[in-house]
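**Student:** Take a look at this one; I'll ask things after.
Chains as they are written, first to last, in our numbering: chain A, -17 to 155; chain B, 12 to 322.
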């Protein structure tokens, strides 16, 4: 087991991602942030918290998206759906989707499909905490990356969150 | 995460966890149905045949819509005007359809046990859309979903099923499901329309007085008087039935509480329900119809997983 990010590094990384998003979407008027269920929302919750400290309350539009019904592997196994909660229109808006680990790219492919069920956004960007580069199965690339790592297929990236696991850390197993 | 069954033949075969899983999945599908684009690609490569040997409007439309919302390919079969009238057997008909590479069968039949018979003989997943006087599992599930949505829970809920219990597959599925989920169930209606041993067999209350039943329950699930199944004279006239067991606004107002009124449809207006009740705020009949699509999407979705190993 190798630590990729310890608690302090993770906090700084999330702060940086929040600032980067804000830098590109300075007034957030036409921007919405969407966390991917189930694990992406732990990152997105924290990024949204960081951004909310920097801008007036109520400006940040934040939703959660479940991609279960859009997965391409239903033939192999069935997944229980999580909850989707997007209480605003994404039509014509800039959308930043947020997930914890970018690996094969299939989750993001499904997320893009799921997102289009809610309308036609002006632009979609991707924010990722950990990018497992060189392991992509689809041509997908993140706009905001917390940390890029080299890993092999047999390895696993595990992200621990305080509210769920009692500690905050990213490790490579 | 998987159902414990390969087919949805009846609520009797499902576990409490299965029911919970279907209802929870239906909640998420209901959210999909509120989106601008109400369609997901989950069953994109699945072919489903709707095999209706008996008349049905809302169940068939509801299933067909659920299948289309899941992006499945569908074929509709109705017995009238088919080779059934030339004497083809059920198994032959289905085998012919299955040769066209069908993955799932949704079946309605007037004979109890017809879907069970098919399940033993063909490899496709089968959903029972009502068989004779046995079960109508998706109706039971959507009724439970609507109750849970309206009142927040099923456990401890007092549900009275009112009307023609003897000929009702909806009543059977409701009884199985509500008992499994911890609700209290009462059946009410004329003694001639309530099976004699139902109390012992299903551990339900029996009440022959409509007003007492309504005073007891939180939810009244009112069944249709199945005129097409009344071969024997089990009550003297529709007017007499309506006078003794018809629910009207005056009766509901005389209770000192608000009872939720449900009906699986189609309603015989003025017989089991008066229009002023069917169209009132207490009635969730139209919500039941809406929820039917979400519940059927959940059932189809959950039965379609792991098909790779099936064929």
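C-beta: ideal position from N, C-alpha, C; glycine also.
Counting only beta-carbon separations shorter than 8 Å, does residue 60 (chain A) have a partner in chain B?
**Tutor:** yes
**Student:** Is there a Cβ of chain B sitting closer than 8 Å to that of residue 95 (chain A), yes or no?
**Tutor:** So yes, residue 95 (chain A) belongs to the interface.
**Student:** Are the beta-carbon atoms belonging to residue 85 (chain A) and residue 117 (chain A) less than 8 Å from one another?
**Tutor:** Going by C-beta atoms, residue 85 (chain A) is nearer than 8 Å to residue 117 (chain A).
**Student:** Flag this pair as yes or no: are the beta carbons of residue 154 (chain B) and residue 106 (chain B) separated by less than 8 Å?
**Tutor:** Contact flag unset, no.
**Student:** For a test of the three-state rule: what should DSSP assign to residue 315 (chain B), helix, strand or coil?
**Tutor:** In the structure shown, residue 315 (chain B) adopts helical secondary structure according to DSSP, grouped into three states.
**Student:** Hey, is residue 56 (chain A)'s beta-carbon within less than 8 Å of any beta-carbon in chain B?
**Tutor:** yes
**Student:** Kindly indicate which three-state DSSP category residue 33 (chain B) falls into: helix, strand or coil?
**Tutor:** helix
**Student:** Tell me the DSSP bridge mates of residue 209 (chain B)?
**Tutor:** The beta-bridge partner set that DSSP reports for residue 209 (chain B) is empty.
**Student:** In the segment 61 to 75 of chain A, which residues sit with their C-beta less than 9 Å from some C-beta in chain B, listed in chain order?
**Tutor:** 61, 62, 63, 64, 65, 66, 67, 68, 71, 73
**Student:** Taking only the alpha-carbon atoms, compute the straight-line gap between residue 125 (chain A) and residue 304 (chain B) and give it to the nearest angstrom.
**Tutor:** 39 Å
**Student:** Report the residues of the segment 32 to 52 of chain B with a CB closer than 9 Å to any CB of chain A, ordered along the chain.
**Tutor:** Answer set for the segment 32 to 52 of chain B: 32, 35, 36, 38, 39, 40, 42, 43, 46, 47, 48, 49, 50, 51, 52.
**Student:** Taking three-plus beta-carbon pairs below 8 Å as touching, is the segment 243 to 252 of chain B in contact with the segment 205 to 221 of chain B?
**Tutor:** The segment 243 to 252 of chain B is not in contact with the segment 205 to 221 of chain B.
**Student:** Please go through the same chain and pick out, in chain order, the residues whose beta-carbon is closer than 6 Å to the beta-carbon of residue 34 (chain A), but skip the five residues on each side of it.
**Tutor:** Answer for residue 34 (chain A): 42, listed in chain order.
**Student:** So what does residue 301 (chain B) bridge to, in DSSP terms?
**Tutor:** Residue 301 (chain B) pairs with nothing; no bridge assigned.
**Student:** Looking only at C-alpha atoms, which of B:177, B:189, B:146 sits nearest to residue 164 (chain B)?
**Tutor:** B:189
**Student:** Starting from the N-terminal side, write out each stretch of the beta strand (DSSP E) that is 3 residues or longer and does not extend beyond the segment 56 to 93 of chain B.
**Tutor:** 58 to 63, 84 to 89
**Student:** For the alpha helix (DSSP H) holding residue 323 (chain B), just list the boundary residues, first then last.
**Tutor:** With chain B represented from 12 up to 322, any question about residue 323 (chain B) goes unanswered, as that position is not in the structure.
**Student:** Measure the C-alpha to C-alpha separation of residue 302 (chain B) and residue 112 (chain B) and round it to an integer number of angstroms.
**Tutor:** 30 Å
**Student:** Take residue 87 (chain A) as the anchor and find which of A:60, A:58, A:107, A:119 has the nearest alpha-carbon.
**Tutor:** A:119
**Student:** How is residue 50 (chain B) classed by DSSP in three states: helix, strand or coil?
**Tutor:** coil
**Student:** For residue 12 (chain B), is the classification buried or exposed, using 16 other Cβ atoms within 10 angstroms of its Cβ as the cut-off for buried?
**Tutor:** exposed
**Student:** When the Cα atoms are used, what is the spatial distance from residue -14 (chain A) to residue 154 (chain A)?
**Tutor:** Straight-line Cα distance between these residues: approximately 6 Å.
**Student:** Suppose you measure from the CA of residue 158 (chain B) to the CA of residue -2 (chain A); what does that come to, to the nearest Å?
**Tutor:** 47 Å
**Student:** To be precise: take each residue of the segment -3 to 27 of chain A, compare its Cβ to all Cβ atoms of chain B, and keep it if any distance is under 8 Å. Which residues remain?
**Tutor:** none
**Student:** Quick one: grab the DSSP three-state call for residue 105 (chain B).
**Tutor:** helix
**Student:** Express the C-alpha separation of residue 63 (chain A) and residue -11 (chain A) in angstroms, rounding to a whole number.
**Tutor:** 30 Å
**Student:** Going along the chain, which residues of its own chain have a beta-carbon closer than 7 Å to the beta-carbon of residue 100 (chain A), five neighbours each way excluded?
**Tutor:** 68, 72
**Student:** With a cut-off of 8 Å, does the C-beta of residue 163 (chain B) fall near any C-beta of chain A?
**Tutor:** no
**Student:** Do we get a CB-CB distance below 8 Å when we pair residue 52 (chain A) with the residues of chain B?
**Tutor:** At least one chain B Cβ lies under 8 Å of residue 52 (chain A).
**Student:** Quick one, which residues of the segment 94 to 118 of chain A are near chain B if we go by CB-CB under 9 Å, in chain order?
**Tutor:** 95, 96, 98, 99, 100, 101
**Student:** Would residue 132 (chain A) count as contacting chain B if we go by Cβ distances under 8 Å?
**Tutor:** no
**Student:** How do the segment 84 to 103 of chain B and the segment 277 to 289 of chain B stand: do at least 3 beta-carbon pairs fall below 8 Å, yes or no?
**Tutor:** no
**Student:** Does DSSP put residue 321 (chain B) in a helix, a strand or coil?
**Tutor:** Its pLDDT being 41, under 50, residue 321 (chain B) is placed unreliably by the model, and nothing is read from it.
**Student:** For residue 131 (chain B), count the other beta carbons within 10 Å of its own beta carbon; 16 or more makes it buried, fewer makes it exposed. Which is it?
**Tutor:** Answer is exposed; the Cβ neighbour count stays below 16.
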